[in-house]
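Note sheet for the following structure.
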Amino acid sequence: MKRISLLLPLALAAACAPIDDPYYGGGYPPEPYPPSSPYPPEPYPPYPQPGYPTPPPPSYPTAERYRAIGTEPFWDLRIGRELVFTDRGTNFTVTQPAPQPIIGFAGEIYRTPRIEVNITHTNCSDGMSDRTYPDTVRVRVDGRDYRGCGAASSFFSSFDERGEPVPPMTDPGDAVPLDRTRWRVVSVNGRPTPRTDDFSMQFEDGRLSAKFGCNGMGASYTQSGATLDAGPVMGTKMACPDMSWETQGGAILGQVMTVRMIDRNRVTLDSSAGTIELVRS
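Each residue of the sequence shown is one higher than the last, beginning at 3 in the numbering used here.
What follows is the structure, given as structure tokens:
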């Protein structure tokens with residue numbers, strides 16, 4: 003009993019001794035977290051850390067309009083203030099306000115109630131021309147999936163159907179009048195035309211004539227600088243194996259168009275319905 007009695011005061015003294023803690027000054031309540039102790043102890047390391055892969059930058063400026071196309075069926079998607087999807091075979095169109103994109107490691111995602119777009123920054127071929135596009139695009143519209151290729155809108159007029167860069171004009175502000183000129187239609191909405199059929203346009207004394215593989219079309223027109231305005235488009239009504247060319251071409255001609263002179267021998271006609279690409283013949 004004497005031995006236990008002697009040890010008890012020593013144990014009580016140890017329990018009451020100050021805690022060996024640099025952040026504890028003793029007493030109660032404890033002192034606040036020492037202001038001299040930085041938190042965090044040192045700056046966080048940069049992210050990603052050296053040696054880790056970094057996400058690639060978008061392949062197009064976010065302020066620039068974007069376009070994607072596909073085949074089987076032929077479709078077209080434009081991204082600007084709105085997402086505008088068009089099935090070119092049926093002219094079925096869905097328009098949704100453009101949301102802020104979700105930036106992923108491999109690309110961008112746009113989600114709306116009816117349209118979802120997944121852009122992956124990997125090279126893509128449309129299977130019908132020699133163009134190589136910078137992006138692979140998947141689109142889901144009203145539950146249906148579409149696959150194709152995409153790029154900034156300027157890409158489509160910067161490379162021809164052979165995949166060759168289009169040389170710039172020496173004076174891009176000089177709009178060449180179309181009167182008394184003949185042209186071969188080389189693509190409609192980015193889709194190269196067959197070389198075996200008649201795809202052509204001619205401008206003569208205020209009238210234009212056009213062929214998109216089968217029926218002939220005609221209309222009066224006026225040109226003011228880079229603005230081309232055709233009157234009502236009339237045409238023959240023969241049944242053709244593939245009417246999609248005429249449907250798309252006629253829709254473009256039926257709207258006010260902008261003439262973009264890529265060079266002296268190549269132009270595009272752009273309207274709200276799409277784009278016709280021409281080379282001088």
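In this text, a Cβ means the ideal position worked out from N, Cα and C, and glycines have one as well.
Check the Cα spacing between residue 116 and each of 98, 110, 123, 125: the tightest is with 98. Closest in alpha carbon position to residue 216, among 191, 267, 203, 104, is 203. Within a 10 Å sphere around the beta-carbon of residue 227 sit fewer than 16 other beta-carbons, which makes this residue exposed.
Annotation note: the stretch 71-140 contains the following uninterrupted beta strand (DSSP E) runs of length 3 or greater, listed N- to C-terminal: 77-81, 84-89, 94-99, 109-113, 117-122. Assigned with DSSP and collapsed to three states, residue 241 falls in coil, not helix or strand. In this structure, the alpha-carbon of residue 273 lies about 11 Å from that of residue 251.
Here residue 205 is not near residue 230, since their CB atoms are 7 Å or more apart.
For residue 157, same chain residues with a beta-carbon under 6 Å away, outside a window of 5 residues either side, do not exist. Rounded to whole angstroms, the gap between the alpha carbons of residue 101 and residue 87 is 15 Å. Between residue 271 and residue 80, the alpha-carbon positions lie close to 16 Å from each other. Beta-bridge partners of residue 260 (DSSP): 229, 272.
The Cβ-Cβ distance between residue 240 and residue 220 does not fall below 7 Å. Taking all protein chains in view, the Cβ of residue 214 is crowded by 16 or more other Cβ atoms within 10 Å, so the residue is classified as buried. Judged by their CB atoms, residue 262 and residue 185 are not nearer to each other than the 7 Å cut-off.
A residue is called buried once 16 or more other Cβ atoms fall within 10 Å of its Cβ, and residue 104, having fewer, is exposed.
By the Cβ neighbour-count rule, residue 194 is buried, with 16 or more other Cβ atoms within 10 Å of its own. Under the DSSP assignment, residue 255 falls outside any beta strand (DSSP E), being part of the alpha helix (DSSP H) whose first and last residues are 246-255. Under the three-state reduction of DSSP output, residue 222 falls in the strand class.
Exposed is the label assigned to residue 127, since fewer than 16 other Cβ atoms lie within 10 Å of its Cβ.
Put simply, of 110, 107, 143 the residue whose alpha carbon is nearest the alpha carbon of residue 118 is 143.
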